[in-house]
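With numbering that gives the first Met the number 0 applied, the sequence shown closes on residue 385, and no number is skipped along the way.
Even for Gly, the Cβ is constructed at its ideal location relative to N, Cα and C.
Values in this document were obtained by computation on a predicted structure and should not be read as measured data.
One structure is given here, and the rest of the page talks about it.
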Amino acid sequence: MMHANARDYDFEQFTPPPDDEPPPNGPDDYGTSRQQHPPEFDFTGIPLSISEWLARDLPSPDMIMGDWLSTTSRALLVAGTGLGKTNFAMALGMAVAAGTSFLHWAARRPAKVLYIDGEMSRRLLQQRITDATGRLGETPAGFFAFSHEDIENFAPLNTPAGQACIEALIERLGGVDLIIFDSIMCLTAGDMKDEESWQQTMPWVRSLTRRSIGQVWVHHTGHDETRGYGTKTREWQLDTVMVLEAVRRDDTDVSFVLEFRKARERTPATRADFAPVKVWLGEQWEWSGGERVPGELKRRLNDRQRLALDILVDCALDHGKPPPVAFGLPKGLTAVSADKWRDELFARGVLDREEANPREAFRRIRNSLANRKMIGERDGLVWRAA
Numbered sequence: 000m001m002h003a004n005a006r007d008y009d010f011e012q013f014t015p016p017p018d019d020e021p022p023p024n025g026p027d028d029y030g031t032s033r034q035q036h037p038p039e040f041d042f043t044g045i046p047l048s049i050s051e052w053l054a055r056d057l058p059s060p061d062m063i064m065g066d067w068l069s070t071t072s073r074a075l076l077v078a079g080t081g082l083g084k085t086n087f088a089m090a091l092g093m094a095v096a097a098g099t100s101f102l103h104w105a106a107r108r109p110a111k112v113l114y115i116d117g118e119m120s121r122r123l124l125q126q127r128i129t130d131a132t133g134r135l136g137e138t139p140a141g142f143f144a145f146s147h148e149d150i151e152n153f154a155p156l157n158t159p160a161g162q163a164c165i166e167a168l169i170e171r172l173g174g175v176d177l178i179i180f181d182s183i184m185c186l187t188a189g190d191m192k193d194e195e196s197w198q199q200t201m202p203w204v205r206s207l208t209r210r211s212i213g214q215v216w217v218h219h220t221g222h223d224e225t226r227g228y229g230t231k232t233r234e235w236q237l238d239t240v241m242v243l244e245a246v247r248r249d250d251t252d253v254s255f256v257l258e259f260r261k262a263r264e265r266t267p268a269t270r271a272d273f274a275p276v277k278v279w280l281g282e283q284w285e286w287s288g289g290e291r292v293p294g295e296l297k298r299r300l301n302d303r304q305r306l307a308l309d310i311l312v313d314c315a316l317d318h319g320k321p322p323p324v325a326f327g328l329p330k331g332l333t334a335v336s337a338d339k340w341r342d343e344l345f346a347r348g349v350l351d352r353e354e355a356n357p358r359e360a361f362r363r364i365r366n367s368l369a370n371r372k373m374i375g376e377r378d379g380l381v382w383r384a385a
């Protein structure tokens, strides 16, 4: 967690690029009030005809989660208070940073993610990070979290000062691929029913897109929990709008349906990634609906995870027994005690007993494989799942 003071940043030197200045008299004023004569434009070399557009060589999107999130995505994540949107957004960010699958979305490359929190105390943010890394089973080096409490008088992000602070943070990190803003109501100032505060933010949002920095903006609902609070205009210039709606479950407090209300990048080939899914948080993130991630994309393992899985197979061959019939597992499958597997990991040097918390180290590697559906576990037994 980085710590900095307001004096580290020269806020006065930051202004949005001139071509991104918001219209002075509202969204319908495109600058005509500021000039008597329109400028001359040279369209030489600009593609206009169908043949020119078909011949245009444009880069493919740099996808960082499934087929819906890229380094140029602008997404809105909407949910009611207490539904688990922060837990969800952080889990998504960590999965992107680790290059692992999340829910039914296939893993892509590990990416650099900045999580900006404007709501929680530092203590609670630390707890959320601890919980999320525990569920993920690893600590992704590319995930960074910034607390608004660590900058005295942190300025709203619809002001030059607030944007300058984040720009300085991006530079400090050497660039990022994705920023998760949690949340609009806490990170911007002004009446959420009025479009002015968001219009003040959009030039900077577009400048991040031009630099291939994807964005997820977390937002609250109001009395109507099916839509984001306030003006609808904030959705107009975003690619994706996701809404989480509560679904009651007796075994967890975090349960919802995730639905894409806007999906500009959806195609017939990628529509499965945009399908509604039921999501709930138990020991791990679980879901139903949506198509499962293809195995070769879902199961990218690092060397330590691959060794741990091989050792589990060896343990099952040497010490395994058929699991109880009540587990409902296929015939011929053998399970071994989690304690035996853990002991073998220490004995073969995959885990180190001299680590600060060896029990936690085992839990992390176990969870990393369970999260990928590579192992199954129940009642102290563990087995190779696929």
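Cβ shell of residue i (< 7 Å), same chain only, five flanking positions each side left out
i           : result
residue 69  : 60, 61, 62, 63 and 213
residue 320 : 333 and 334
residue 248 : 254 and 279
residue 238 : 72, 73, 74, 263 and 264
residue 13  : Confidence is the limiting factor: at residue 13 the pLDDT is only 49, short of 50, which leaves the residue's position unreliable, though a coordinate-based value still follows. Excluding residues within five positions, the ones whose Cβ falls inside 7 Å are 159, 162, 163 and 166.
residue 246 : 254, 255, 256 and 277
residue 318 : 335 and 339
residue 201 : 236
residue 312 : 383
Range of the contiguous alpha helix (DSSP H) that encloses residue i
i           : result
residue 340 : 337 to 346
residue 89  : 84 to 97
residue 358 : 357 to 370
residue 197 : 195 to 209
residue 133 : 121 to 135
residue 302 : 302 to 318
residue 186 : 183 to 186
residue 115 : Looking at the DSSP string, residue 115 is not in any alpha helix (DSSP H); the run it does join, the beta strand (DSSP E), is 112 to 116.
Euclidean distance between Cα positions of residue i and residue j
i           : j           : result
residue 71  : residue 343 : 45 Å
residue 29  : residue 244 : Any reading at residue 29 must be qualified, since the residue scores a pLDDT of 48, below 50, and its modelled position is unreliable; no value is offered.
residue 128 : residue 118 : 14 Å
residue 269 : residue 289 : 11 Å
residue 349 : residue 302 : 10 Å
residue 250 : residue 281 : 8 Å
residue 31  : residue 37  : Confidence at residue 31 is low in this model, with a pLDDT of 49, below 50, so the placement of that residue is unreliable and no value is reported for it.
residue 123 : residue 66  : 32 Å
residue 242 : residue 193 : 21 Å
residue 231 : residue 357 : 50 Å
residue 54  : residue 141 : 37 Å
residue 323 : residue 329 : 11 Å
residue 218 : residue 271 : 24 Å
Opening and closing residue of the beta strand (DSSP E) in which residue i lies
i           : result
residue 213 : 213 to 219
residue 285 : 284 to 287
residue 279 : 276 to 280
residue 262 : 254 to 262
residue 242 : 239 to 245
residue 376 : 374 to 377
residue 78  : 73 to 78
residue 144 : 142 to 146
residue 383 : 380 to 383
Residue burial classification, residue i (beta-carbon count within 10 angstroms, cutoff 16)
i           : result
residue 40  : exposed
residue 48  : exposed
residue 284 : buried
residue 52  : exposed
residue 81  : exposed
residue 144 : buried
residue 45  : exposed
residue 361 : buried
residue 50  : exposed
residue 346 : exposed
residue 176 : buried
residue 126 : exposed
residue 220 : buried
residue 374 : buried
residue 315 : buried
residue 102 : buried
residue 137 : buried
residue 352 : exposed
Own chain residues within Cβ distance below 6 Å of residue i, not counting five before or after
i           : result
residue 287 : 277
residue 240 : 75, 234, 260 and 261
residue 216 : 75, 180 and 183
residue 139 : 93, 96 and 97
residue 135 : 93
Beta-carbon proximity list for residue i, same chain, < 8 Å, skipping 5 on both sides
i           : result
residue 108 : 63 and 98
residue 204 : 73, 214 and 236
residue 158 : 188 and 199
residue 130 : 86
residue 186 : 115, 117, 147, 155, 156, 161 and 180
residue 376 : 337, 365, 369 and 382
residue 379 : 336, 337 and 338
Within-8 Å CB hit, residue i to chain D
i           : result
residue 169 : Included in the structure is just one protein chain, with no chain D present.
- Does the count of Cβ pairs from the region 80 to 94 and the region 147 to 166 closer than 8 Å reach three? No, because fewer than three Cβ pairs between the region 80 to 94 and the region 147 to 166 fall closer than 8 Å, the two stretches do not touch.
- Task: Pair every Cβ in the region 367 to 380 with every Cβ in the region 307 to 321, then say whether three or more of these pairs are closer than 8 Å.
- Result: A contact between stretches requires three or more CB pairs, one per stretch, nearer than 8 Å, and the region 367 to 380 meets this requirement with the region 307 to 321.
- Query: Can at least three beta-carbon pairs, one atom from the region 73 to 91 and one from the region 169 to 183, be found at a separation below 8 Å?
  - Reply: Contact between the region 73 to 91 and the region 169 to 183 is present, because at least three Cβ pairs lie under 8 Å.
- Message: I'd like to know if the region 262 to 277 and the region 80 to 89 are in contact, where contact means that at least 3 CB-CB pairs between them fall below 8 Å.
- Response: No, they do not touch.
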